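There are 2 protein chains.
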Amino acid sequence: MYRTHNCGELRKEHIGEKVTLCGWVQLKRDKGGMIWLDLRDRYGITQLAAEETNTDRGIISKIDKTGREFVIKVSGEVIERFSKNDKIPTGDIEIKIESLEILSESEIPPFTIIDNTDGGDELRMKYRYLDIRRTPVKNALLLRHRMAQEVRKYLDSQSFIEIETPYLIKSTPEGARDFVVPSRMNPGEFYALPQSPQTFKQLLMIAGMDRYFQIVKCFRDEDLRADRQPEFTQIDCEMSFVEQNDILKIFEGLTKYLFKSVKDIDINYYFPRMTYSEAMEKYGNDKPDIRFGMTITNITENVQGKEFVVFDSAEYIGGICLGNGSEYTRKQIDDLTEFVKIPQIGAKGLVYCKYNTDGSFKSSVDKFYTADDWKTIAAKMGATQGDLILILAGEKERTLHGLSELRLKLGNELGLRPRDTYAPLWVIEFPLLEWDKESSRYHAKHHPFTSPFDEDIPLFDSDPAKIRAKAYDLVINGIEIGGGSIRIFNRSLQEKMFKNLGFSKEDAEAQFGFLMNAFKFGAPPHGGIALGFDRLCALFGGSDSIRDYIAFPKNNSGRDVMIDSPSTISQAQLNELGIILGEVK
Amino acid sequence: MYRTHNCGELRKEHIGEKVTLCGWVQLKRDKGGMIWLDLRDRYGITQLAAEETNTDRGIISKIDKTGREFVIKVSGEVIERFSKNDKIPTGDIEIKIESLEILSESEIPPFTIIDNTDGGDELRMKYRYLDIRRTPVKNALLLRHRMAQEVRKYLDSQSFIEIETPYLIKSTPEGARDFVVPSRMNPGEFYALPQSPQTFKQLLMIAGMDRYFQIVKCFRDEDLRADRQPEFTQIDCEMSFVEQNDILKIFEGLTKYLFKSVKDIDINYYFPRMTYSEAMEKYGNDKPDIRFGMTITNITENVQGKEFVVFDSAEYIGGICLGNGSEYTRKQIDDLTEFVKIPQIGAKGLVYCKYNTDGSFKSSVDKFYTADDWKTIAAKMGATQGDLILILAGEKERTLHGLSELRLKLGNELGLRPRDTYAPLWVIEFPLLEWDKESSRYHAKHHPFTSPFDEDIPLFDSDPAKIRAKAYDLVINGIEIGGGSIRIFNRSLQEKMFKNLGFSKEDAEAQFGFLMNAFKFGAPPHGGIALGFDRLCALFGGSDSIRDYIAFPKNNSGRDVMIDSPSTISQAQLNELGIILGEVK
């Protein structure tokens, strides 16, 4: 037997017991005839002690050989510590070393295994097995484990059945790019890795499974951004005989359950529900951070017709009001102006107006607007004396985006977005379709299986962009945690949808024929949701980066630098698969 | 709201309540002015009733239109049934139909959705979503769900952490064939899908995670046999600071916990532990079914030297004893002889000896053996009067295999292998290496990371085939449920192992360099196990076929006939991936 206890469990009441521990040497200290070792494992740290004169020479020489990250096995008596450490749960005791065995030696690691030293991203990824030894990363993985267990506990209690759907499926080029897998047994043919189990979960509803869930890996061959991974994990769910409200209730319940069970946070209110158009108008964004106000006001009609050509020629003019901001300096306002001019925002400039504490106004466009004009605008925006009004103008969508970014930046700077405050909401009534200029056709905003509002179906023939979808997103702190929809369960409506998305009958049949076929045999009304599990874990962990919540993440080129993958394969493998490298010119 | 209750929950105490149910029409019966419908969902069946004269015409006409597998929504009062059905939990009540809505129509399904009609394998697979509506398949998936939840509950309670390992990893041609995934972002390079998370779980131990588990999909591009799938699911586990016995204890515990929590079966004994060599000698098989005896006896030394050239020239002669078999007819024995001659067994013939109830012997080789000879043989085999001795001879391994097959066949025929009796055991002390005639080198019997017995390490230089491994299999009812081993955690021993397996230093470095490298930084002693989850579910469900326990299985050519995958992909996709179809000549 290697150990009687782990390194996190010994307390005062164990004093006098003989124990055996195993772990990694975190630290060695040598002071006036005493040697201390901090022994670390997943569960904690326990201090080991040896008095140089009173300890067996053999043990002392082994301790001398021992360095950081050596794996050792130690036996000895639990004794009370002279100077206690109330920062760790084992801080009352230490082990008087009576025997010591070096189980594994360690070279000096490329970075020190402590909370605040990680050697930088490259090294961390290459030596991920050392990075995971660090408490913050270890705790991220423990949190993820806990969350996965609690998700299952809740969904199981709600009669959801966990069903594994296949990973080797069929390529459906709609949406992002698929990863494909050549089939050796069917030469010239390919499987695809799922971007989501969407069609399978719908088939499970048609199969009568009623409530399905899965915590499942999904794959997208996209050019990667900082917080995207080619493989990621979803909490994937589907329910039969439900309307939108039934689904929101269940997953609001899941969210509250997780906050309570994992973080001991009570959320004792219904999540607000905000329509997509309200979110866009008030926050410039379909995933609003509602931890703070500073919402956007459309002041187009209040500022046009005053000879200010920039505003008069703009499609839209909107503003936000910074409470107690009238004392902002020239420099501060210049910085904000620079910010809105960066290419990702692309505003031409920023108009401001200080509503001074004495009731006067001072703006960057004083020659066009009177104090009375400002009074009206301030009233509309809810600005009061001492506030700062910030205004952007231009093409509507772009301007709203700019105001949203400006609002979030100010929120960050003013400390209005604390990590330990959570503000969940549902965004609902998304548009069903989205016009894609590049391909000159409509795309599904959510996916092609999302049901339109019944009363909006006639708009297919007149104004498809106005059709509202029975689709919803769960948003927390400005992060889209997940989304879902009520699905089409009727063959002819699904055909209409494919047609509007520009699918030929043949393409629709080739790609989704099996689903359309299944609709012939009694499909129940159904709908579902998928939550991004990596992101949910990061949110609960108080981090912006999902990488720390993934045991072995890939870098921005989709590489695993630890195992050095992807890599070349042998000619024999290529031959067996019937593929040759190189592009047809 | 679609429903107030599901179709499995209404009881006598609900009589008088107004309810709304949704489901599929299982059956419609029309009898003397009354119409009954059986409404089915995942939870059960509820009978609906309408009296033709007393029911709204509109409802009657809707009922008339309704056929099998239509999806309907029905409201009405719960009333007591006139003739009760004690075979279903809702059999005391029925619903008096007060309104009815057809939610989805159904064409006549290709096979009837009842327990005993499945339309044959082809149709079942093509219309898997209809097949799953059938109770036996539905129950298989519900059982699988339950087992997955209980596995996690147990392992979580034992401090195991569920950690997701990556699916896009690196091809390591050792072992079975990998499925590979071309990388668009790294042209000419490939990911591989994991055959198991073996190296990652070892890295997690080096990372200090102490106890890891995962219920995880694994992939093998093998030519498929009836019970193999290209993607399959493992319960994958690894532990640090453990010896073999620690691991067996934990997973014996898991097995017992599952039998108790899922099937309410108590197993109140330690699982027997049998060495590989004992299993081979006594059962001819490294996964013995110990629900019945009829073990093999080596009688080589008892039958040689009696002028019977078949035996004299054989490497090995072994027999099994069929209790009360002396009355077997010529025909019966001929059938057994035919059986052992099939190519998969390949015996030249079967020698028998009847130990008659009068104490006399009658054998097929009477001219070579006296009654005294047989008395000695019978004594050695534990045969008594009335038994039948069956003997095979030839090359040892092959002959033991034949005796094993014969034993299992007789066990089946005599009803000695009942589905509801479970006999688990551990098979231990597997050989570390296995000589492969074809490639003229040793292969790892388990895998290259398995630790040899410490005292056997010197045999690397003298007789590698004799080295025993710290490896173990969990076997239940003749089925290998899973296996594992204590791993090598020392770089130089791992190098020695790779060398013995014929790896060049460069190959070992290219394929497993990251693991060897990790060993430099303090690897703990560790070991683990992987259980075949599909098979475990089938065993618990009392089935030989794993397919029913997989929601969407593939056929023997690795095809999903429902979605018609694998399939061709577009030239644009191939171009993006930089691959051309066709083999280099």
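For the protein sequence lines, the chains are A and B, in the order given.
At the far end of the first sequence sits residue 1972, using the numbering used here, and the numbering has no gaps.
At the far end of the second sequence sits residue 1972, using the numbering used here, and the numbering has no gaps.
Each residue gets a CB set at the ideal place from its N, CA and C atoms; glycine is no exception.
Predicted model only: the values in this text are computed from it and were never measured.
When you compare each of B/Y1739, B/G1889 and B/E1792 to B/F1726 by their alpha carbons, which one comes out closest? Cα-wise, what sits closest to B/F1726 is B/E1792.
Tell me whether A/D1425 is buried or exposed, calling it buried when 16 or more other Cβ atoms sit within 10 Å of its Cβ. Residue environment: A/D1425 is assigned as buried (16 or more neighbouring CB atoms within 10 Å of its CB, all protein chains considered).
A/K1754 to A/D1745 span [Cα, whole Å]: Each residue's alpha carbon lies about 20 Å from the other.
Can you give me the Cβ contacts of A/N1942 inside the same chain, cut-off strictly under 7 Å, excluding the 5 residues immediately before and after it? The residues M1512 and V1948, in chain order, have a CB closer than 7 Å to that of A/N1942 in the same chain once the five nearest residues on each side in sequence are set aside.
A/R1615: which of A/L1795, A/S1713 and A/P1940 sits nearest, CA to CA? Closest in alpha carbon position to A/R1615, among A/L1795, A/S1713 and A/P1940, is A/P1940.
Comparing the C-beta of A/F1906 with each C-beta of chain B, is any distance below 9 Å? With its beta carbon less than 9 Å from one in chain B, A/F1906 belongs to the interface.
Hey, does B/T1802 have any beta-carbon neighbour from chain A nearer than 9 Å? It is Gly, not Thr, that sits at residue 1802 of chain B in the sequence shown. Not a single C-beta of chain A is nearer than 9 Å to the C-beta of B/G1802.
Simplified DSSP assignment, three categories, for A/T1504: Strand at A/T1504.
Near-chain A residues of the stretch 1953 to 1969 of chain B - C-beta to any C-beta below 9 Å: Within the stretch 1953 to 1969 of chain B, P1953, S1954, T1955, I1956, S1957, Q1958, A1959, Q1960, L1961, N1962, E1963, L1964, G1965, I1966, I1967, L1968 and G1969 place their CB atoms closer than 9 Å to a CB of chain A, listed in sequence order.
Less than 9 Å separating the beta-carbons of B/I1990 and A/A1938? Beyond the ends of chain B as shown, which are 1388 and 1972, falls residue 1990 of chain B; an answer cannot be given.
For A/N1672, I'd like the list of residues in its chain whose CB is within less than 7 Å of its CB, leaving aside the five on either flank, ordered along the chain. Cβ within range, chain order: A1666 and S1791.
Using DSSP bridges, identify the partner residues of B/E1792. As DSSP reads the structure, B/E1792 sits in no beta bridge.
Whose Cβ in chain B lies nearer than 8 Å to the Cβ of A/Q1536? The answer, in chain order, is R1539, D1543 and E1549.
Strictly under 9 Å for the Cβ-Cβ distance: is A/P1569 near chain B by that measure? Taking 9 Å as the CB threshold, A/P1569 lines the interface with chain B.
Any C-beta of chain B under 9 Å from that of A/L1397: For A/L1397, the nearest beta carbon of chain B is not closer than 9 Å to its own beta carbon.
Is the CB of A/G1909 under 9 Å away from at least one CB in chain B? True, the Cβ-Cβ gap to chain B drops below 9 Å.
Residue(s) in a DSSP beta bridge with B/A1858: The partner list for B/A1858 (beta bridge, DSSP) reads B/S1872.
Can you tell me whether A/M1661 is buried or exposed, with buried defined as 16 or more other CB within 10 angstroms of its CB? With 16 or more Cβ atoms within 10 Å of its Cβ, A/M1661 is classed as buried.
So B/F2008 packs on B/C1624, CB below 8 Å; how close in whole Å? The structure shown does not extend to residue 2008 of chain B, since chain B is modelled only from 1388 through 1972, so no value can be given for it.
In whole angstroms, give me the CA-to-CA distance for B/K1718 and B/D1931. Cα atoms of B/K1718 and B/D1931: separation of roughly 29 Å, rounded to the nearest angstrom.
Of the residues B/H1401, B/F1628 and B/E1439, the one placed nearest B/R1416, counting alpha carbons only: It is B/E1439.
Apply the 10 Å Cβ neighbour rule to B/F1628 and answer buried if 16 or more other Cβ atoms are within range, or exposed otherwise. Looking at its Cβ environment, which holds 16 or more other Cβ atoms inside 10 Å, B/F1628 is buried.
Could you name each continuous alpha helix (DSSP H) segment of 4 residues or more that falls completely within the stretch 1707 to 1759 of chain A, going from the start of the chain to the end? Those alpha helix (DSSP H) runs which fall completely within the stretch 1707 to 1759 of chain A and span 4+ residues are 1717 to 1728.
Would A/H1830 count as contacting chain B if we go by Cβ distances under 9 Å? It does not: the Cβ of A/H1830 has no partner Cβ on chain B nearer than 9 Å.
Less than 9 Å between CB atoms is the rule here; does A/C1409 satisfy it with respect to chain B? So yes, A/C1409 belongs to the interface.
Residues sharing a beta bridge with A/I1815, DSSP: A/T1662 and A/Y1859, per the DSSP bridge assignment.
Would you call the CB atoms of B/Y1742 and B/T1724 closer than 9 Å? One thing to note: B/Y1742 has its Cβ no nearer than 9 Å to the Cβ of B/T1724.
Compile a chain-ordered list of the residues in the stretch 1596 to 1623 of chain B whose CB is closer than 7 Å to at least one CB of chain A. Flagged, chain order: M1596, D1597, K1604, D1608, P1617, E1618 and T1620.
Shortest alpha-carbon distance to B/D1951 belongs to which of A/L1923, A/Y1644, A/H1913 and A/A1897? B/D1951 has its Cα closest to that of A/A1897, out of A/L1923, A/Y1644, A/H1913 and A/A1897.
Please tell me whether B/K1452 has its Cβ less than 9 Å away from any Cβ of chain A. It does not; no Cβ of chain A falls within 9 Å.
Is B/R1468 closer than 9 Å to B/E1481 when the C-beta atoms are compared? B/E1481 is a Cβ neighbour of B/R1468, given a cutoff of 9 Å.
Along chain B, in chain order, which residues have C-beta atoms closer than 7 Å to that of A/E1576? Those are P1953, S1954 and T1955, listed as they occur along chain B.
In chain order, what residues of the stretch 1626 to 1643 of chain B put their CB closer than 9 Å to some CB of chain A? Those would be S1627, F1628, V1629, E1630, N1632 and D1633, in chain order.
List the residues of chain B that A/P1496 touches, going by C-beta distances under 7 Å, in chain order. For A/P1496, the chain B residues whose Cβ falls inside 7 Å of its Cβ are F1908, in order along the chain.
Near-chain A residues of the stretch 1878 to 1891 of chain B (beta-carbon distance less than 7 Å), N- to C-terminal order: Of all residues in the stretch 1878 to 1891 of chain B, none has a Cβ within less than 7 Å of some Cβ in chain A.
B/L1611 versus A/R1531, A/A1959 and A/S1570, residue with shortest Cα-Cα distance: Per the C-alpha coordinates, the member of A/R1531, A/A1959 and A/S1570 positioned closest to B/L1611 is A/S1570.
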